[in-house]
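Chemist:
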Amino acid sequence: MSFVPEKQVFKSSIDVLEIGTGETSVKLGGQSVWPLYAFDGPLVNPPRVGIQISDLGCAGAIAGIQDYYADCADIAAQTIRAAEVPGAEFVCLILEGADPNGADRSVAETVELVKTVAAACPLPLTIAGCGSAEKDAELFEALAEELEGRNVLFLSATEDNYKALGAAVVLAWGQKLAAESAVDINLAKQLNLLLGQIGVPNSALAMNVGCAVAGYGFEYVASTMERVKITALGQNDAALQIPIITPVGTDAWTVKESMAEEADFPEWGSREERGISFEVATAAACLAAGADAVLLRHPESVSTIATLIGLLTEGGE
Amino acid sequence: MGKFIVIGERIHFISPVIREAMLARDPGPVLQRAREQLAAGATYLDVNIGPAERDGEDLMKWAVQVLQDEFDNVPLCLDTVNQKAIEAGISVYNRAKGKPIINSADAGERISNVDLAAANDAIVIALCSKAGVPVDNDERMTYCQELLEHGMELGMEPEDMWFDPLFLVIKGMQEKLPDVLEAIRMLTDMGLNTTGGLSNISNGMPPHIRPIMDASMVAMAMQSGLSSVIINPCDQRMMETVKSCDVIRGNILYADSYLEI
């Protein structure tokens, strides 16, 4: 008698979030099985990969990334180039330049810049804020209106600005919103509940439950993601049946191992290879723990993770 | 252990408003009480149509359809001694949100309600009693065993038999309450589900005392393993206690708004 493995399919499922429109639109979530357990049941949608670019261009990026975008004259050209990376299914524009503690670009200037990116972008667009809850609320309100009909995902609403963003981004302009919590499953659930209480449906939401790089407290991230899925599927908790999107690239390039120059640590070898390794390792671990989409910066990381997802979910050579 | 299940008890033939509405087939008051109980956090609604000797079949069908149509196939607990009425109710019952519950069987004359549940793939509430109140837990567990064996012979899954230890009234039988909690623990340790009409414990107490006593009892009973209860979910203190205990038991993930869902 041959061994027949037991399949674990839950009665509940993760809600589906759609971003973008038309043929290139991308759907996240939908599964009734543990992350990547395609052998138990259909994933409905495989995990997705987005490529991150900055409104400040490539300034400060490592050589490999600068090389990839070297022939891009402006942000529009860079957007198109990013969308060409094999495996990239959507683009994530980070509004670093609007940071009040940095370049502090005005809302009006940023809107103009984003219009250029949106016009050039052939893939669904997601927009990440500058990190200031107050400024992000202003930016996202203006951008949600400007980009009406593009079905853009905005990252992220926090405890401090969820009311304004839920009302403007989703309810007024029909865009999508990610709720951000920092490795705190109770807050993750609470934010979703609060957004639900002001009328934002699950189908308009993603969650960024936090990220950390391997070796920098990643076990807390993994545990949080796993518990989110256990609660969502195992306890049928609707407040957590929302796809997880994780901006891995934002963190992966900020740790010592991906920052230190080879000249200072010759025994560590190429900085670029190290950075890609950290980005890929962290992204793969996030997918295993429950992320429904990852945002990555280096073109090679994007392609590697997209290939990995393809092999895990569809098989092949 | 799954999430604690609250069965709302407020659609009861003994209430003049409900009796009148049922006799006149006026959905208004029935739906109103259903809405309030669901908003307060009930999962199942008990539908007690009284003895219903004359038109029980028609009345139970009417109640099941009126409630399931209005509230997205809300799962129901069919409560009457009229077995034909229960069968009629099940014949129109939609199982999308959960099996029907038959309320109730005991180890005595009403053991045939176990047969009824087995024949209709329903859940049955099984009272650990035969004639009157069991003297001690040896007697309770004997009845439990009789009911369980009977149900399993008929092909029922043990999880579809929800055992009622009998929540005895404190005023008059105070010394029996530790037995009730111990019985819940023993039933739970056997892997069985438990339920019961908990507010009986505070019968005869002043109205302001009853919610305090009921909430304390439900907390202790949940600690003993109680998996379900038949109560008035509009009792705020009761529902706050149930939800808080279910957070502590790990059945609900905590969020600051947990009392509002």
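As you go down the protein sequences, you meet chains A and B in turn.
Here the numbering used here is used: the first residue of the first sequence is -10, the next is one more, and so on.
Here the numbering used here is used: the first residue of the second sequence is 27, the next is one more, and so on.
Even glycine gets a Cβ: it sits at the ideal position worked out from N, Cα and C.
Report the residues of the stretch 213 to 247 of chain B with a CB closer than 7 Å to any CB of chain A, ordered along the chain.
Modeler: none
Chemist: Output the boundary residues of the alpha helix (DSSP H) element that contains N74/B.
Modeler: Under the DSSP assignment, N74/B falls outside any alpha helix (DSSP H), being part of the beta strand (DSSP E) whose first and last residues are 70 to 74.
Chemist: For the stretch 109 to 119 of chain A and the stretch 80 to 98 of chain A, state whether three or more C-beta atom pairs, one from each stretch, are separated by less than 8 Å.
Modeler: yes
Chemist: Is there at least one Cβ from chain B nearer than 9 Å to N150/A's Cβ?
Modeler: Interface annotation, N150/A: not in contact with chain B, CB-CB separation never under 9 Å.
Chemist: Have a look at the DSSP bridge pairing and note the partners of F143/A.
Modeler: I116/A, L166/A
Chemist: Return yes when at least one heavy atom of the ligand COA lies under 8 Å from the C-beta of P24/A, else no.
Modeler: Ligands displayed in this structure: none; no statement on the ligand COA is therefore possible.
Chemist: Can you list, in chain order, the residues of its chain with a C-beta nearer than 6 Å to that of T235/A? Leave out the 5 residues immediately preceding and following it.
Modeler: C200, C275, A280, V283
Chemist: So the beta strand (DSSP E) E35/B belongs to, where does it begin and stop?
Modeler: 31 to 38
Chemist: On the DSSP bridge list, what partners appear for A203/A?
Modeler: A203/A is not bridged to any residue.
Chemist: Leaving aside the five residues before and after G305/A along the sequence, list all residues of the same chain whose C-beta is less than 7 Å from its C-beta, in chain order.
Modeler: Here G305/A scores only 43 on pLDDT, less than 50, and its place in the model should not be relied on; the value that follows carries that caveat. Only G299 meet the Cβ criterion.
Chemist: Is it right to say K165/A is buried, meaning 16 or more other beta carbons lie within 10 angstroms of its own, or is it exposed?
Modeler: K165/A is buried by the Cβ-count criterion.
Chemist: Along chain A, in chain order, which residues have C-beta atoms closer than 8 Å to that of S283/B?
Modeler: Q179, L182, L183, Q186
Chemist: Report the neighbours of Y280/B on chain A: residues whose CB is nearer than 7 Å to its CB, in chain order.
Modeler: N175
Chemist: Checking 9 Å against the spacing of the C-beta atoms, do S145/A and A167/A come in under that value?
Modeler: Result yes, Cβ atoms of S145/A and A167/A sit closer than 9 Å.
Chemist: Please report how far the alpha carbon of R275/B lies from the alpha carbon of A221/A, in whole angstroms.
Modeler: 17 Å
Chemist: Taking just the CA atoms, how far does L194/B sit from E201/B?
Modeler: 10 Å
Chemist: State the Cα-Cα distance for the pair A111/B and N150/A, rounded to the nearest angstrom.
Modeler: 55 Å
Chemist: If you compare alpha carbons, which of S138/B, A89/B, E96/B is closest to S117/B?
Modeler: A check of alpha carbon separations from S117/B across S138/B, A89/B, E96/B identifies A89/B as the nearest.
Chemist: As an exercise, report each continuous beta strand (DSSP E) stretch of at least 3 residues that is fully enclosed by the stretch 171 to 223 of chain A, in chain order.
Modeler: Contiguous beta strand (DSSP E) elements confined to the stretch 171 to 223 of chain A occur at 194 to 197, taking only those with 3 or more residues.
Chemist: If I measure Cβ to Cβ from N47/B and keep anything under 7 Å in the same chain, skipping five residues before and after, which residues do I get?
Modeler: According to the sequence provided, residue 47/B is Ala. The question's Asn does not apply to it. Here the set comprises G54, P55, V56.
Chemist: Among residues of its own chain, excluding the 5 on either side of L153/B, which ones have a beta-carbon nearer than 6 Å to its beta-carbon?
Modeler: S130, D132, D190
Chemist: Shorter than 9 Å from the beta carbon of E286/B to some beta carbon of chain A?
Modeler: yes
Chemist: Establish whether the CB of K29/B and some CB of chain A are separated by less than 9 Å.
Modeler: yes
Chemist: Starting from F189/B, trace the alpha helix (DSSP H) in both directions and tell me its first and last residue.
Modeler: That residue, F189/B, is in no alpha helix (DSSP H); its beta strand (DSSP E) goes 187 to 190.
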